[in-house]
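Residue numbers (our numbering), protein chains in the order written: chain W, 3 to 232; chain Y, 3 to 232.
2 protein chains.
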Amino acid sequence: MAPDRARRRIPEATVSRLPVYLRILGEQSDEGVDSIASDRLAELAGVNAAKVRKDLSYLGSYGTRGVGYEVDYLVYQIRRELGLTHDWPVVIVGAGNLGQALAGYGGFGQRGYPVAGIVDVDPAKVGSVIGGVRVRHIDELGQIVAARGVNIGVVATPAAAAQDAAERLVAAGVTSILNFAPTVLAVPRSIEVRKVDLAVELQILSYHEQRRIGTGTQVDGRIPQRSATA
Amino acid sequence: MAPDRARRRIPEATVSRLPVYLRILGEQSDEGVDSIASDRLAELAGVNAAKVRKDLSYLGSYGTRGVGYEVDYLVYQIRRELGLTHDWPVVIVGAGNLGQALAGYGGFGQRGYPVAGIVDVDPAKVGSVIGGVRVRHIDELGQIVAARGVNIGVVATPAAAAQDAAERLVAAGVTSILNFAPTVLAVPRSIEVRKVDLAVELQILSYHEQRRIGTGTQVDGRIPQRSATA
DNA sequence: CAGGCTTTGTGAACGAATGCACGAGCGAAT
DNA sequence: ATTCGCTCGTGCATTCGTTCACAAAGCCTG
Numbered sequence: 003m004a005p006d007r008a009r010r011r012i013p014e015a016t017v018s019r020l021p022v023y024l025r026i027l028g029e030q031s032d033e034g035v036d037s038i039a040s041d042r043l044a045e046l047a048g049v050n051a052a053k054v055r056k057d058l059s060y061l062g063s064y065g066t067r068g069v070g071y072e073v074d075y076l077v078y079q080i081r082r083e084l085g086l087t088h089d090w091p092v093v094i095v096g097a098g099n100l101g102q103a104l105a106g107y108g109g110f111g112q113r114g115y116p117v118a119g120i121v122d123v124d125p126a127k128v129g130s131v132i133g134g135v136r137v138r139h140i141d142e143l144g145q146i147v148a149a150r151g152v153n154i155g156v157v158a159t160p161a162a163a164a165q166d167a168a169e170r171l172v173a174a175g176v177t178s179i180l181n182f183a184p185t186v187l188a189v190p191r192s193i194e195v196r197k198v199d200l201a202v203e204l205q206i207l208s209y210h211e212q213r214r215i216g217t218g219t220q221v222d223g224r225i226p227q228r229s230a231t232a
Numbered sequence: 003m004a005p006d007r008a009r010r011r012i013p014e015a016t017v018s019r020l021p022v023y024l025r026i027l028g029e030q031s032d033e034g035v036d037s038i039a040s041d042r043l044a045e046l047a048g049v050n051a052a053k054v055r056k057d058l059s060y061l062g063s064y065g066t067r068g069v070g071y072e073v074d075y076l077v078y079q080i081r082r083e084l085g086l087t088h089d090w091p092v093v094i095v096g097a098g099n100l101g102q103a104l105a106g107y108g109g110f111g112q113r114g115y116p117v118a119g120i121v122d123v124d125p126a127k128v129g130s131v132i133g134g135v136r137v138r139h140i141d142e143l144g145q146i147v148a149a150r151g152v153n154i155g156v157v158a159t160p161a162a163a164a165q166d167a168a169e170r171l172v173a174a175g176v177t178s179i180l181n182f183a184p185t186v187l188a189v190p191r192s193i194e195v196r197k198v199d200l201a202v203e204l205q206i207l208s209y210h211e212q213r214r215i216g217t218g219t220q221v222d223g224r225i226p227q228r229s230a231t232a
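Printed below as a string of structure tokens:
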């Protein structure tokens, strides 16, 4: 079989950029561009050209010197590497505001991540239909996961319920979790977790804003002392 | 003035963990814990204890050897470093599904990021009230930013409108942007941009899932060739 | 078919982040 | 006051990621 160059591990930083390249390449393809150089792709992705080349080199040697990369071919290769050759059904835990928004959004399914189910602990929420999917009770999680071959779970519960949700997902056989709750999930090392946290993002931004301004001594009154009295 | 240790630059990786520590410390404080060791904090944050200590050391030397860190004092110091000693009003561009959800969410204001305004290009959306804030036309952006001293803008538009939204935000004087649209924004280097992208997160997860399974040769038929005919 | 132009792919230098390991400092107990 | 046990703060080695810079390799033109 062909020298299957692409089976070595790809650095995490590269993996997180591949989806960006993929989207850009898709757009370029739609615009009729069929070949693209690393400089151009780098410009569109907002990164360094050498980085683009090194990233792509992990997939194999798919460029043509003096010319660039053939867009459609590269799209195929990245999709393959990201496992986008087939759908990945996801199950959403938590049918509150966020869970409903995610399920109703629709763009999910179109992008290869159909919603296999939504579950909630609250019996009052069970039965309603969101985005064509009926909300089921969380006890049915195992069944949904098994029946649909779900590997990816989405935690869209309040913070207090997130750990429990994660444990149930793991028990049901899910091996990757996307966590929207503002909590650190404790899960077995073998489980892949990614976190999306609005508050964290805003706090990082305000750090930079504060730093931009923050020359000199602005805060002064009311600095708590390290308790004198133990 | 006190040897003001905390004015040196804090590594980006550390900045992104401070909000996590902050949240955990807040919870601990609520539970009546008043002192915490780096091991414990590390455990709760899911990181290495040495990392916690190094991270905190950038703020200054606020621990007590043999004891640990005084929770409330540390909370204060982190909040100060992150610029959370005052509110940071934000303006949201785009009053579609996402914009509405964000504005209506409420947790925003409670956490120190009150919604100073929501704007949209679509006149049909202007005037409706979401989460107590009236939607205004995007032409009023400059006015809102100036009047409320807004530094942080949130892009919640479709991908196609995101670049325009960003440019308007920058023109209005915003210096930090939180981008929910699946696009790379081109902005001056001085502008801080953070991106939240659902598709990217899911694709990273499916990469790992694919890799978990992906031993051997599964895909075979229909591999596009690098076009023979130019 | 040779020479020039372009762009890839990658070795090597650099820089950032992590994790270990241990000295220094603090509180408590004797 | 001295000793002991605990935990911070940090120097150092290592790993991971980025960027530079250039040889190798392809197209195009004459």
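Even for Gly, the Cβ is constructed at its ideal location relative to N, Cα and C.
Starting from residue i, follow the alpha helix (DSSP H) in both directions and report where the run begins and ends.
{"i": "A173 (chain W)", "result": "A161 to A174"}
{"i": "D122 (chain W)", "result": "No alpha helix (DSSP H) holds D122 (chain W); the beta strand (DSSP E) holding it covers V117 to D122."}
{"i": "I80 (chain Y)", "result": "V73 to E83"}
{"i": "R19 (chain W)", "result": "E14 to D32"}
{"i": "V93 (chain Y)", "result": "It is not in any alpha helix (DSSP H) - V93 (chain Y) instead sits in the beta strand (DSSP E) that spans V92 to V95."}
{"i": "I146 (chain Y)", "result": "L143 to R150"}
{"i": "S40 (chain W)", "result": "S40 to A47"}
{"i": "I206 (chain Y)", "result": "L200 to I215"}
Would you kindly report the start and end of the unbroken beta strand (DSSP E) that includes residue i?
{"i": "N99 (chain W)", "result": "Run containing N99 (chain W): none in the beta strand (DSSP E); it sits in the alpha helix (DSSP H), N99 to Y107."}
{"i": "K2 (chain W)", "result": "Since the first residue shown for chain W is 3 and the last is 232, residue 2 (chain W) is missing from the structure and cannot be characterised."}
{"i": "V135 (chain W)", "result": "V135 to H139"}
{"i": "S178 (chain W)", "result": "S178 to N181"}
{"i": "K127 (chain W)", "result": "Taken as a continuous stretch (DSSP letters only), K127 (chain W) belongs to no beta strand (DSSP E), as it is neither H nor E."}
{"i": "V157 (chain Y)", "result": "I154 to V157"}
{"i": "R196 (chain Y)", "result": "E194 to K197"}
Could you compute how far the alpha carbon of residue i sits from the alpha carbon of residue j?
{"i": "V186 (chain W)", "j": "L180 (chain W)", "result": "12 Å"}
{"i": "I12 (chain W)", "j": "V135 (chain Y)", "result": "46 Å"}
{"i": "S37 (chain W)", "j": "G109 (chain W)", "result": "28 Å"}
{"i": "A164 (chain W)", "j": "G175 (chain Y)", "result": "38 Å"}
{"i": "I140 (chain W)", "j": "A149 (chain W)", "result": "15 Å"}
{"i": "A44 (chain Y)", "j": "G101 (chain W)", "result": "30 Å"}
{"i": "P91 (chain Y)", "j": "Q112 (chain Y)", "result": "11 Å"}
{"i": "T231 (chain W)", "j": "R10 (chain W)", "result": "Here the model assigns T231 (chain W) a pLDDT of 39, short of 50, so the residue's position is not dependable and the matter cannot be decided."}
{"i": "A103 (chain Y)", "j": "G65 (chain W)", "result": "43 Å"}
{"i": "S208 (chain W)", "j": "E29 (chain Y)", "result": "21 Å"}
{"i": "D32 (chain W)", "j": "E72 (chain W)", "result": "13 Å"}
{"i": "P21 (chain W)", "j": "G68 (chain Y)", "result": "47 Å"}
{"i": "V49 (chain W)", "j": "G106 (chain W)", "result": "33 Å"}
{"i": "E83 (chain W)", "j": "A167 (chain W)", "result": "29 Å"}
{"i": "S130 (chain W)", "j": "R170 (chain W)", "result": "22 Å"}
{"i": "R138 (chain W)", "j": "G119 (chain W)", "result": "7 Å"}
{"i": "D199 (chain W)", "j": "A52 (chain W)", "result": "31 Å"}
{"i": "Q220 (chain W)", "j": "G70 (chain W)", "result": "Any reading at Q220 (chain W) needs caution, since the residue's pLDDT is 45, under 50, leaving its predicted position unreliable; the model's value is listed next. Computed Cα separation, rounded: 53 Å."}
{"i": "D74 (chain W)", "j": "L27 (chain W)", "result": "8 Å"}
{"i": "S18 (chain W)", "j": "V189 (chain W)", "result": "22 Å"}
{"i": "G265 (chain W)", "j": "G85 (chain W)", "result": "Because residue 265 (chain W) is not part of the residues shown, which for chain W are 3 to 232, the question remains open."}
{"i": "R25 (chain W)", "j": "Q79 (chain Y)", "result": "41 Å"}
{"i": "V147 (chain W)", "j": "V95 (chain W)", "result": "12 Å"}
{"i": "V77 (chain W)", "j": "D89 (chain W)", "result": "16 Å"}
{"i": "G114 (chain W)", "j": "S59 (chain Y)", "result": "44 Å"}
{"i": "D57 (chain Y)", "j": "P125 (chain Y)", "result": "48 Å"}
{"i": "F182 (chain W)", "j": "Q205 (chain W)", "result": "16 Å"}
{"i": "D41 (chain Y)", "j": "D41 (chain W)", "result": "46 Å"}
Determine the closest residue to residue i out of the options, with distance taken between C-alpha atoms.
{"i": "V121 (chain W)", "options": "W:A149, W:R196, W:G106 and W:L143", "result": "W:L143"}
{"i": "V93 (chain W)", "options": "W:G111, W:V117 and W:G106", "result": "W:V117"}
{"i": "R55 (chain W)", "options": "W:L86, W:Y23, W:Y107 and W:E29", "result": "W:Y23"}
{"i": "T177 (chain W)", "options": "Y:D32, Y:E211, Y:R82 and Y:S59", "result": "Y:E211"}
{"i": "I132 (chain W)", "options": "W:A39, W:G98 and W:T159", "result": "W:G98"}
{"i": "P2 (chain Y)", "options": "Y:V123, Y:I193 and Y:I215", "result": "Within the shown structure, residues of chain Y are numbered from 3 to 232, placing residue 2 (chain Y) beyond reach of any answer."}
{"i": "I193 (chain W)", "options": "W:L204, W:A173 and W:G114", "result": "W:A173"}
{"i": "V157 (chain W)", "options": "W:R191, W:K127 and W:R196", "result": "W:R196"}
{"i": "E203 (chain W)", "options": "W:P184, W:A39, W:R42 and W:D57", "result": "W:P184"}
Task: Interfacial residues, the region 18 to 39 of chain Y to chain W, with Cβ spacing under 7 Å - done: Close to chain W, meaning a Cβ-Cβ distance shorter than 7 Å, are the following residues of the region 18 to 39 of chain Y: S18, P21, V22 and R25.
- [ ] Scan the region 90 to 109 of chain Y for residues whose Cβ lies nearer than 9 Å to a Cβ of chain W and list them as they occur along the chain.
- [x] The residues in question are W90, V92, N99, L100, A103, L104, G106, Y107 and G109.
TODO: Return the residues of the region 154 to 179 of chain W that lie within a Cβ-Cβ distance of less than 7 Å from chain Y, sorted by chain order.
DONE: Near chain Y, meaning a CB-to-CB distance below 7 Å, the residues of the region 154 to 179 of chain W are I154, T177 and S178.
Task: Segment contact, 8 Å Cβ cut-off, at least three pairs: the region 138 to 155 of chain Y with the region 13 to 21 of chain W - done: No, the region 138 to 155 of chain Y is not in contact with the region 13 to 21 of chain W.
Task: Contact set between the region 198 to 213 of chain W and chain Y, restricted to residues whose Cβ is under 8 Å from the partner - done: Going along the region 198 to 213 of chain W in chain order, one finds V198, D199, L200, A201, V202, E203, L204, Q205, I206, L207, S208, Y209, H210, E211, Q212 and R213 with a Cβ nearer than 8 Å to chain Y.
- [ ] Taking only beta carbons into account, state which residues of the region 67 to 84 of chain Y come closer than 8 Å to chain W, listed in chain order.
- [x] Under the 8 Å Cβ criterion, the region 67 to 84 of chain Y contributes E72, D74, Y75, Y78, R82, E83 and L84.
Open item on the list: So if I threshold CB-CB distances at 8 Å, which residues from the region 43 to 64 of chain Y count as touching chain W?
Closed with: Those would be L46, A47, G48 and Y64, in chain order.
Task: Cβ-based contacts, 9 Å cut-off: residues of the region 106 to 140 of chain W near chain Y - done: Result list: G106, Y107, G109, F110, R113, G114 and Y115.
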